[in-house]
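Residues 0 to 301 in numbering that gives the first Met the number 0 are what the sequence shown lists, from first letter to last. Note that beta-carbon positions come from the ideal geometry of N, C-alpha and C, so glycine has one too. Note that the coordinates shown come from a computational prediction; the quantities given were computed from them, not determined experimentally.
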Amino acid sequence: MRYYRMTNVDGDTVIGVEAEPGSVTILTDIKPDVTDIRDLILAASLSGAGMDEITIALLEEAGEPESVDLGELLEGTRGEHGDYLLDRPIDPPEVWAVGVTYKSSEMERRRESSTPDVYAMVYQAERPELFFKSTADRCVGPFEDVGIRADSPWNVPEPELAFTLYKGQIVGYTIGNDMSSRAIEGENPLYLAQAKLYDRSCAIGPCFIPADDIDPQDVTITCRIDRDGETVFTGETSTSQMARTCRSLADWLLRHNSVPDMTTVLTGTAIVPPPDFTLEEGDVISITIDGIGTLENGVVVV
Numbered sequence: 000m001r002y003y004r005m006t007n008v009d010g011d012t013v014i015g016v017e018a019e020p021g022s023v024t025i026l027t028d029i030k031p032d033v034t035d036i037r038d039l040i041l042a043a044s045l046s047g048a049g050m051d052e053i054t055i056a057l058l059e060e061a062g063e064p065e066s067v068d069l070g071e072l073l074e075g076t077r078g079e080h081g082d083y084l085l086d087r088p089i090d091p092p093e094v095w096a097v098g099v100t101y102k103s104s105e106m107e108r109r110r111e112s113s114t115p116d117v118y119a120m121v122y123q124a125e126r127p128e129l130f131f132k133s134t135a136d137r138c139v140g141p142f143e144d145v146g147i148r149a150d151s152p153w154n155v156p157e158p159e160l161a162f163t164l165y166k167g168q169i170v171g172y173t174i175g176n177d178m179s180s181r182a183i184e185g186e187n188p189l190y191l192a193q194a195k196l197y198d199r200s201c202a203i204g205p206c207f208i209p210a211d212d213i214d215p216q217d218v219t220i221t222c223r224i225d226r227d228g229e230t231v232f233t234g235e236t237s238t239s240q241m242a243r244t245c246r247s248l249a250d251w252l253l254r255h256n257s258v259p260d261m262t263t264v265l266t267g268t269a270i271v272p273p274p275d276f277t278l279e280e281g282d283v284i285s286i287t288i289d290g291i292g293t294l295e296n297g298v299v300v301v
């Protein structure tokens, strides 16, 4: 099942589930104290049942809970109108990211860098490249604008599968966009933090998928960038091409490093626009992952 976090016309946060294709049932209408996806994750952790099992039990005890058409929810959020507006599925206290998990990423990073050998070495190494990516206040949700740095002439999105940790376990997945200032990182790898961590440098959404609901090592990721109504870039890959598993990446992150529950990890990309491409203000980025949906964001200069 796909879980969505929304705000209603009163500004309250509610949780919905797409139990039937195209229809989002408002779980908060059934259980008013369920106002965050973390509430369901906690219930699953305490009971030993899965999120979907708990949700099915809630739906079975409900009379006629309120529901909203998913298409109307998406269009309403895009146009900022409607009874419900989509929010990012979770508020991650920390967002980490992984680099060079695909061969194509290793090749592109070597091409852009003044010290290319470091990327070949990390691709082949036992230890992955892990770096701190974002905090909740730098992270945007569906249909919100991601940022490109004004001091970087070369900026790209990095479409990625993202997983969320709770009590050290992967509890679910969403879509992530690891915005990257390639000119800054390419100048010197020690500038990585500045290239990756800035206002609006990360997006997640549109929903949350429990860990048991998809195979994270076999999903298709596509990316499209539109400019002035025209498509200027498309790309596609599969997580089956990842050199590392999500579980392995989680294990490395947690070595001698305590992270708060709901920490989210972006797992790397193999979709890299060509060297002559850079994002512009007003562009629209759409990232689609099979079984999850599409994360759409506009672009602004920050």
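Tell me, please, which residues DSSP counts as bridged to residue i.
i	result
Ser-257	Answer is none; Ser-257 lacks a bridge partner.
Tyr-131	The sequence as given places Phe at residue 131; Tyr does not occur at that position. Looking at the DSSP assignment, Phe-131 forms a beta bridge with Trp-95.
Tyr-83	Asn-7
Phe-142	Answer is none; Phe-142 lacks a bridge partner.
Cys-201	Cys-138 and Asp-177
Quick one: is residue i buried, meaning 16 or more other Cβ sit within 10 Å of its Cβ, or exposed?
i	result
Ala-96	buried
Glu-85	A small correction: the amino acid at residue 85 is Leu; Glu does not occupy that position in the sequence shown. Label assigned to Leu-85: buried.
Pro-272	buried
Lys-132	buried
Val-246	Reading off the sequence, residue 246 comes out as Arg, not Val. By the 10 Å Cβ count, Arg-246 comes out exposed.
Thr-262	buried
Leu-45	exposed
Lys-195	buried
Val-8	exposed
Gly-175	buried
Does the ligand MN have even one heavy atom less than 6 Å from the beta-carbon of residue i?
i	result
Asn-7	The ligand MN is absent from the structure shown, which contains no ligand whatsoever.
Could you give the DSSP three-state label for residue i: helix, strand or coil?
i	result
Asp-11	coil
Gln-168	strand
Lys-195	helix
Ser-247	helix
Ser-151	coil
Pro-188	helix
Ala-61	coil
Thr-27	helix
Val-218	coil
Please report the Cβ distance between residue i and residue j, rounded to the nearest whole angstrom; I am assuming they are in contact, meaning their Cβ atoms lie under 8 Å.
i	j	result
Arg-77	Val-145	Wrong, their Cβ atoms sit about 15 Å apart, outside the cutoff.
Tyr-172	Ile-291	7 Å
Val-149	Val-299	According to the sequence shown, residue 149 is Ala rather than Val. Actually they are not in contact, since the Cβ atoms of Ala-149 and Val-299 sit about 10 Å apart, beyond 8 Å.
Spatial neighbours of residue i within its chain, please: C-beta separation below 8 Å, excluding the five flanking residues on both sides.
i	result
Glu-65	Thr-24, Ile-25 and Asp-28
Pro-355	What the structure shows of the chain is the stretch from 0 to 301, and residue 355 is not part of that stretch, so it cannot be assessed.
Ser-179	Asn-154, Val-155, Pro-156, Glu-157, Ala-194 and Lys-195
I'd like the list of long-range same chain contacts for residue i, defined as Cβ closer than 7 Å, with 5 residues on each side in sequence excluded.
i	result
Val-33	Ile-14, Leu-26, Thr-27 and Leu-39
Tyr-165	Ile-40, Ser-44, Asp-260 and Met-261
Among residues of its own chain, excluding the 5 on either side of residue i, which ones have a beta-carbon nearer than 6 Å to its beta-carbon?
i	result
Val-283	Asp-225 and Gly-297
Cys-222	Pro-158, Gly-234, Ile-270 and Ile-286
Gly-81	Gly-75
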